[in-house]
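*Asks:*
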Ligand code: COA
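In our numbering, the protein residues as written are 97 to 572.
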């Protein structure tokens with residue numbers, strides 16, 4: 097028979113055990129919330145935007161030049177990567193001196209594609225320069241380049257070599273074409289637009305092929321490459337090794353033109369009814385024609401004149417006759433009978449008459465400015481888009497507010513406008529820093545990134561690996 101004292105002790109121990117179980121359960125819940133339970137990292141307690149950036153800790157060896165590669169590395173820099181731009185001593189990225197508007201200053205072509213980067217000058221063909229590059233390869237995560245095919249290999253930086261020096265290194269390249277008959281060709285923007293199917297499908301039927309103002313070959317491929325790099329970094333978390341990433345400009349343009357390859361295949365099933373040439377009774381040939389301003393989807397659209405079009409080249413609006421708002425369109429333009437008239441009431445009935453219908457809508461849009469048309473149409477959910485000039489975009493307050501258009505200060509050219517990061521992350525907020533001057537961070541990178549001593553730095557500098565050959569040497 098247990099004594100009173102023993103009973104009390106037993107009850108106390110039961111109580112303690114219950115407390116332990118309760119505490120453990122509480123800890124389990126807390127860990128679950130923090131992600132520890134599944135081996136996941138902690139959840140930051142810092143406010144959004146104050147715990148580093150998405151790519152903090154990623155270091156990029158940036159061998160890019162002109163537009164396609166720099167677009168990619170600029171995006172990665174905005175997302176937090178440390179981008180070290182390697183440039184040829186004395187010359188740098190060729191765009192520094194192209195389309196110059198302020199004498200003696202880096203061009204807008206360069207500054208607008210190289211924000212948030214550091215610049216080091218290295219002659220990659222000099223033996224000491226190669227040694228510096230080897231050291232950089234060891235401490236970087238990604239090498240990005242867009243040289244002409246074979247140029248990186250000629251520097252001795254083959255994939256096999258780089259992978260041996262740093263098996264974790266991702267080597268990302270933009271080339272004009274993927275493997276095939278044109279793989280050795282040098283390629284610029286408009287070559288890619290033509291070879292990727294954009295030019296043959298842009299413009300008016302009766303005119304020649306057209307290239308677009310949007311740099312879909314260069315900047316578009318840079319975007320594709322950036323996604324490839326981030327994916328390779330993610331896979332490296334699992335495999336521990338780097339890989340090659342290739343974005344060919346022809347492929348990138350074709351990817352952006354995929355609706356046209358869709359239409360190519362639809363041609364076998366008959367005419368493309370949403371193309372205005374169908375309504376005009378013009379037969380289709382065996383490849384996708386240029387569609388002028390026809391919409392690429394199932395809802396017909398066209399560019400219409402607005403008030404002032406006679407003198408203002410941008411007094412136009414894109415107008416979409418979306419089926420669900422057909423009644424609202426009829427009311428606005430003063431043709432209420434078209435809502436019920438069998439000749440107009442259905443999308444199918446309207447197809448052969450689109451030209452005439454848009455001409456009637458244009459009579460209405462021409463009575464107002466593009467912004468007035470937009471205001472009226474938006475109220476009743478009719479999708480329209482004003483044709484905005486670059487001047488209007490540059491002055492648009494809402495774009496300034498979101499950081500899509502930013503003013504940047506530069507030591508040699510002063511203030512200029514740029515396009516900021518178009519991708520907004522709530523916990524990785526981009527700020528736009530000016531582009532580097534040629535070789536501005538050479539010393540800093542040798543000292544802080546490569547941890548070289550002053551003696552080593554002086555020795556490398558004296559070897560000539562980081563500076564342009566003297567004029568006499570050049571002439572010799
Ligand atoms: N130190 C020493 N040499 C350097 C150097 C450095 N830091 N940086 C570049 N070079 C050398 C290269 O090694 C190459 O020399 P090589 O051909 O004698 O081996 C040379 O500079 C020129 O490189 P290249 O890429 O051929 O430049 P380019 O001006 O003749 O051609 C392009 C420019 C854009 C046509 C070409 O680079 C290309 O087709 N790139 C791929 C597609 C692309 O990105 N196009 C879009 C550009 S926006």
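By construction, the Cβ of each residue, glycine as well, lies at the ideal position given by its N, Cα and C atoms.
(1) Looking at the C-beta of residue 519, does it have a partner C-beta in chain D at a distance below 8 Å?
(2) When the Cα of residue 368 is compared with those of 442, 307, 386, which residue comes out closest?
(3) If I measure Cβ to Cβ from residue 382 and keep anything under 8 Å in the same chain, skipping five residues before and after, which residues do I get?
(4) Could you check where the alpha helix (DSSP H) with residue 179 kicks off and where it finishes?
(5) Is any non-hydrogen atom of the ligand COA found closer than 7 Å to the C-beta of residue 243, if you look at the structure I gave you?
(6) Report yes if the CB atom of residue 516 is closer than 8 Å to the CB atom of residue 538, and no otherwise.
(7) At what residues does the alpha helix (DSSP H) containing residue 300 begin and finish?
(8) Grouping DSSP H, G and I as helix and E and B as strand, with all else coil, what is residue 536?
(9) Here's a check: name, in chain order, each residue in its chain whose Cβ is nearer than 6 Å to the Cβ of residue 502, leaving out the five neighbours to either side.
(10) When you compare only the Cα positions, how much space is there between residue 481 and residue 493?
(11) Under 7 Å from any heavy atom of the ligand COA, does the C-beta of residue 561 make it?
(12) Looking at the secondary structure, which residues open and close the alpha helix (DSSP H) in which residue 341 lies?
(13) Are the beta-carbon atoms belonging to residue 270 and residue 173 less than 8 Å from one another?
(14) In terms of residues, what are the limits of the beta strand (DSSP E) holding residue 216?
(15) Does DSSP put residue 305 in a helix, in a strand, or in coil?
(16) So within the region 493-538, which uninterrupted beta strand (DSSP E) runs reach at least 3 residues, ignoring any that extend past its ends?
(17) Can you check which of these residues, 531, 525, 420, is closest to residue 512 by C-alpha distance?
(18) From the DSSP output, in three-state form, read off residue 443 for me.
(19) Less than 8 Å between the CB atoms is what I'm expecting for residue 388 and residue 332, so what's the real figure, rounded?
(20) My understanding is that residue 416 touches residue 460, with C-beta atoms under 8 Å, so please give their C-beta distance in whole angstroms.
(21) Do the region 396-409 and the region 462-472 touch if we need at least three Cβ pairs shorter than 8 Å?
(22) Beta strand (DSSP E) containing residue 414: first to last residue?
(23) Would DSSP call residue 155 helix, strand or coil?
(24) Taking residue 185 and residue 564 to be in contact with their CB atoms under 8 Å, please state how far apart those CB atoms are, rounded to whole angstroms.
(25) What separation, rounded to the nearest whole angstrom, lies between the Cα atoms of residue 571 and residue 160?
(26) On the three-state DSSP scale, how would you describe residue 324?
*Replies:* With the structure as the only source:
(1) Among the chains in the structure shown there is no chain D, since it carries only a single protein chain.
(2) 386
(3) By the criterion of a C-beta distance shorter than 8 Å, residue 382 is surrounded in its chain by 363, once the five residues flanking it on both sides are discounted.
(4) No alpha helix (DSSP H) contains residue 179, which is instead part of the beta strand (DSSP E) from 178-183.
(5) yes
(6) no
(7) It is not in any alpha helix (DSSP H) - residue 300 carries neither H nor E in the DSSP assignment.
(8) Coil at residue 536, not helix or strand.
(9) Around residue 502: 514, 516, 528.
(10) 18 Å
(11) no
(12) Not the alpha helix (DSSP H): residue 341 falls in the beta strand (DSSP E), residues 340-344.
(13) Their beta carbons are not under 8 Å apart, which means residue 270 does not touch residue 173 by this criterion.
(14) 213-217
(15) coil
(16) List check, beta strand (DSSP E) in window: 501-506, 510-515.
(17) It is 531.
(18) helix
(19) That pair is no contact at about 46 Å.
(20) Not a contact, Cβ separation roughly 15 Å.
(21) yes
(22) 412-416
(23) Three-state result, residue 155: strand.
(24) Indeed they touch by this definition, with Cβ atoms about 4 Å apart.
(25) Because the pLDDT of residue 571 is 41, which lies under 50, any placement of that residue in the model is unreliable, and the question is left without a value.
(26) helix
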